[in-house]
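In case it helps, this note's numbering puts the sequence shown at residues 28 to 577. Quick reminder that beta carbons are idealized off the backbone N, C-alpha and C, glycines included.
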Amino acid sequence: MLFLEFARCCEEIEGLSGRLDMIDVISRALPGLSPEELPVFVRFIMGRIFPDWSARKLGIGPNLLYEAVGYVAGLKKDAVIEKINKTGDVGTAVEELLSKKSQISLSNQDLEIVDVYNKLISIAARSGATSQKEKIRMVKLLIGDARPLEGRYLARIMLEELRIGVGEGSVREAIAKAFSVDPALVEHAMQAINDLGEVARLARIGPEALRDVRITLFHPVRMMLAQQGSIAGMVQEHGEVAAEFKYDGSRFQFHKQGSTGKMYSRRLEEVSAALPDVIGLLLGSTTHDVILDGEVIAIKDERPMPFQSVLRRFRRRHDIAEAQEEIRMVPNVFDILYLDGKTVIDLPFLERRKILVEVVSQYVAPQVISADPQVIEQTYHDALAAGHEGIMIKVPDSAYTPGQRGKNWIKIKPEVDTLDLAVIGAEWGEGKRAHVFGSFLVACQDQGKIVPLSRVATGFSDEQLAEVYDLLRDKVISSAGKEVRFEPGLVFEVGYAELQVSPTYGAGFALRFPRFIRIRDDKDTTEIETLDSIKDRYQRQSKSAQAYTG
Ligand code: AMP
């Protein structure tokens, strides 16, 4: 498939508003693709380059891209940024700039999607001292070969944000439709192998190939997530339930084969280098090949330390030995996904638990099983007294469902009003904070779109502002006066006193007394608060206000 055909397909989808129409366009494109093209098309159409299990990054920030586009278009970088500010979109800006250029020098080379993919892979593979120069040279060549419409989507793919409104769910349905297989099978295969490109390839072979998928060691699986709920509700619905402490640390997935162990974060990034001590502990706890799910916490004087100290370790690249002495990291394992070549996610939770206890000798999180709400309530109080966040209640016969925030895991913790929100913009600070960002524009999500909700300017220490600045300075996509906009990526946990209806920001709500609580670098923008849940909170808040006054 030519990259131009892919770009036309994106353009067609961009003009559609109905999800079913989008699915239709994608499903018609899939059967004609070669086995090599199929995975590339599927990833590209979602704005991705690498499989979801891979933490590989292209390593091209907006700045590098603008420089390359400027070079190709014969302009300064600032002129490119100005164009982006004017059009409000990188892709459209690149398209317009290339169409001016192409009047002079029309590229006559036809790009194939597999070519583009291979070039992006080799760009990503550059590392070391001269890598930036090499990368930019390669990006210039690639953009130089692109026609205007191709440039629009190429630029967006490079920033891994295609913005044509195609989510994973639509692509899953399109795959099922294109190859006449059950959508549930497609979803199940995706849960195990975490790469929709590969799933599409298997779907084409047939349902048996999809049914046969296994989890692969060292390809991290998405983590199962929890919802809010109540003890009474869970016991009423399920009778006997399992309760565990909810540890306030960082989620990990541990993969072990023989004497090799690797750790992955909740965002599926490999964090082995930062946690050699934890890997050592887990390697020593089992003789089997396993994938374990758990939470690592930091302990000092036998009490859990705040979550922030664990995250700091996850990010740490240097001086690990020194860090190990300061605080002790302890894993708490609560699930098993794979044992000696077998995928066990479909077994009921208590059967998985039985296996877990059999094969892992230490660090398995204690569990209480009961149908008595008072017993569960007591576990909750014990958890809080021991300095943990609360409890998790789990349904005994439930499967492990990767990536899903279902009703089979319920979290119970003291009511606090905080939201996880994406940082999408900022204003430069003033006075002694003039060299860092001072106030931030944060956003929730609605049907896959990022929607501004509030500004946050309080709650930061100078140290935190410097840290946030470091994390964001390469993410600037446009700037105007004191305002900058970022490529959404960083997530803040934001506290607030009350939700108010307000037309100021796109979401239709605003936060009263918003304050920064912490960076959630264990979460990405797919996990930020949804507008629906904010509406829900607003309604609950109004009800409790009525109960209070009335
Ligand atoms: P939340 O991040 O508030 O949605 O809560 C869910 C998170 O709690 C999981 O992603 C884990 O990181 C964490 N957690 C702590 N203890 C447990 C446990 N025993 N079982 C499952 N998740 C746990």
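Based on DSSP bridge pairs, tell me the residues matched to L366.
Position 339 of the sequence shown, counted from the start, is the residue given in the question as residue 366. Answer is V317, K369.
Within the present structure, is the beta-carbon of E271 separated from the nearest heavy atom of the ligand AMP by less than 7 Å?
Counting from 1 along the sequence shown, the entry for residue 271 is found at position 244. Yes, the Cβ of E271 comes within 7 Å of a heavy atom of the ligand AMP.
Report the rounded CA-to-CA distance for Q254 versus I555, giving the unit in angstroms.
Along the sequence shown, read from residue 1 onward, the residue named residue 254 stands at position 227. Along the sequence shown, read from residue 1 onward, the residue named residue 555 stands at position 528. The straight-line gap from Cα to Cα measures roughly 13 Å.
So is V166 buried or exposed if we call it buried at 16+ other beta carbons inside 10 Å?
Stepping through the sequence shown from its first residue, residue 166 is reached at position 139. It counts as buried.
Just verifying my parser: in three-state terms, what is the DSSP assignment at T406?
Taking the sequence shown and counting its residues from 1, one reaches residue 406 at position 379. It is helical.
How would you label P435, buried or exposed, when you count the other beta carbons within 10 angstroms and need 16 or more for buried?
If you number the sequence shown from 1, residue 435 lands on position 408. Residue identity check: residue 435 is Asn in the sequence provided, not Pro. Classification for N435: buried.
With a threshold of 6 Å on Cβ separation, who are the neighbours of D473 within its own chain once the five nearest residues in sequence on each side are excluded?
Residue mapping note: residue 473 aligns to position 446 of the sequence shown, counting from 1. Excluding positions up to five away in sequence, the list reads L558.
What three-state label does DSSP hand A230 in the structure shown?
Position 203 of the sequence shown, counted from the start, is the residue given in the question as residue 230. Note: A230 maps to helix in three-state DSSP.
What residues match up with R482 in a beta bridge as DSSP calls it?
Residue mapping note: residue 482 aligns to position 455 of the sequence shown, counting from 1. According to DSSP, R482 bridges with L468.
My output table needs one value for K502: the three-state DSSP class, helix, strand or coil.
Against the sequence shown, residue 502 aligns to sequence position 475. Reduced to three states, the DSSP call for K502 is helix.
Just list the residues that DSSP pairs G522 with in beta bridges.
Locating residue 522 in the sequence shown gives position 495, where the first residue counts as 1. According to DSSP, which records beta bridges pairwise, G522 is partnered with T445, R542.
When you compare each of R355, R342, F341, D316 to K327 by their alpha carbons, which one comes out closest?
Your numbering for residue 327 matches position 300 in the sequence shown. That would be R355, whose Cα lies nearest to the Cα of K327.
Going by C-alpha distance, which of Y532, V52, R342, V511 is nearest G192?
Taking the first residue of the sequence shown as 1, we reach residue 192 at position 165. Checked all of Y532, V52, R342, V511; the closest Cα to G192 is V52.
Since S277 and R293 should fall inside the 8 Å C-beta cutoff, what is the C-beta to C-beta distance between them, to a whole number of angstroms?
The residue given as residue 277 occupies position 250 in the sequence shown. The residue given as residue 293 occupies position 266 in the sequence shown. Yes, they are in contact, since the Cβ atoms of S277 and R293 sit about 7 Å apart, within 8 Å.
Considering T114, what are the terminal residues of the beta strand (DSSP E) in which it resides?
Within the sequence shown, residue 114 is the residue found at index 87, counting from 1. Taken as a continuous stretch (DSSP letters only), T114 belongs to no beta strand (DSSP E), being part of the alpha helix (DSSP H) at 104-114.
Run through DSSP, which three-state label would F487 get?
Walking along the sequence shown from the start, residue 487 turns up at place 460. The answer is coil: DSSP assigns F487 none of H, G, I, E or B.
Going by beta carbon distance, what residues of the same chain come within less than 8 Å of E494, once the five residues before and after it are set aside?
Taking the sequence shown and counting its residues from 1, one reaches residue 494 at position 467. Cβ within range, chain order: I546.
How long is the line joining the alpha carbons of C36 and L169, rounded to whole angstroms?
As a position in the sequence shown, residue 36 is number 9, starting the count at 1. As a position in the sequence shown, residue 169 is number 142, starting the count at 1. Approximately 20 Å between the Cα atoms of the pair.
Check: L252 C-beta below 7 Å from any heavy atom of the ligand AMP:
For the purposes of this step, residue 252 is identified with residue 225 of the sequence shown, where counting begins at 1. Yes, Cβ of L252 sits closer than 7 Å to a heavy atom of the ligand AMP.
For E38, which residues in the same chain have their Cβ closer than 7 Å to its Cβ, ignoring the five residues on either side in sequence?
In the sequence shown, residue 38 corresponds to position 11, counting from 1. Around E38: L176.
Thinking P58 and R228 are a contact (beta carbons under 8 Å), I'd like their distance in whole angstroms, please.
As a first step, residue 58 is located in the sequence shown; it is residue number 31 there, counting from the start. As a first step, residue 228 is located in the sequence shown; it is residue number 201 there, counting from the start. Between R228 and P58 the Cβ distance is about 12 Å, and since that is not below 8 Å, they are no contact.
Environment of N145 [buried if 16+ CB atoms lie within 10 Å]
Translated into positions along the sequence shown, residue 145 becomes position 118. N145 comes out exposed.
In chain order, what residues of the same chain have a beta carbon less than 7 Å from the beta carbon of A507, not counting five sequence neighbours either side?
Residue mapping note: residue 507 aligns to position 480 of the sequence shown, counting from 1. Same-chain partners within the cutoff: N112.
Could you say which of M49, L480, G516, D409 lies nearest to R539 if we only look at CA atoms?
Locating residue 539 in the sequence shown gives position 512, where the first residue counts as 1. Minimum Cα distance to R539 is reached at L480.
For A270, report the span of its beta strand (DSSP E) as first-last.
Position 243 of the sequence shown, counting from 1, holds the residue named residue 270. Taken as a continuous stretch (DSSP letters only), the beta strand (DSSP E) holding A270 covers 268-273.
Looking at C-alpha atoms only, which residue of D316, E122, F341 is the closest neighbour of A325?
In the sequence shown, the residue the question calls residue 325 occupies position 298. That would be F341, whose Cα lies nearest to the Cα of A325.
In whole angstroms, what is the alpha-carbon distance linking D320 and L383?
Within the sequence shown, residue 320 is the residue found at index 293, counting from 1. Within the sequence shown, residue 383 is the residue found at index 356, counting from 1. Answer to the nearest angstrom: the Cα atoms are 10 Å apart.
What's the C-alpha gap between Y575 and S569?
Here residue 575 corresponds to residue number 548 of the sequence shown, with the count starting at 1. Here residue 569 corresponds to residue number 542 of the sequence shown, with the count starting at 1. Its pLDDT being 41, under 50, Y575 is placed unreliably in this model, and the coordinates cannot settle the point.
Grab me the residues of E64's own chain with a C-beta within less than 7 Å of its C-beta, minus the 5 sequence neighbours each way, in chain order.
Here residue 64 refers to the residue found at position 37 of the sequence shown. If we look at E64 and ignore the five residues flanking it on each side, its Cβ neighbours are M28, I140, V141.
When the Cα atoms are used, what is the spatial distance from L223 to K84?
Residue mapping note: residue 223 aligns to position 196 of the sequence shown, counting from 1. Residue mapping note: residue 84 aligns to position 57 of the sequence shown, counting from 1. Near 17 Å, if we compare the C-alpha coordinates of K84 and L223.
Which of helix, strand or coil DSSP assigns to N221
Position 194 of the sequence shown, counted from the first residue, corresponds to residue 221. Looking at N221 - three-state DSSP - the assignment turns out to be coil, as it is neither helix nor strand.
In terms of alpha-carbon separation, which member of R174, I150, A156 lies closest to R164?
By 1-based counting over the sequence shown, the position of residue 164 is 137. Among R174, I150, A156, the Cα nearest to that of R164 belongs to I150.
Can you say whether G577 is buried or exposed, counting buried as having 16 or more other CB atoms within 10 angstroms of its CB?
Walking along the sequence shown from the start, residue 577 turns up at place 550. Residue confidence for G577 is low, a pLDDT of 36 falling below 50, so the modelled location carries little weight; the figure read from the coordinates is stated next. By the neighbour-count rule (16 or more Cβ atoms within 10 Å), G577 is not buried but exposed.
Reducing DSSP to helix, strand and coil, say where H282 ends up.
Stepping through the sequence shown from its first residue, residue 282 is reached at position 255. Here H282 sits in strand by DSSP.
When DSSP builds the beta bridges, which residues end up paired with A14?
Outside the displayed range of the chain (28 to 577) lies residue 14, so it cannot be described from this structure.
Cα-Cα separation, E490 to T553:
Sequence index remark: in the sequence shown, residue 490 carries index 463 (1-based). Sequence index remark: in the sequence shown, residue 553 carries index 526 (1-based). So the alpha carbons of these two residues sit roughly 27 Å apart.
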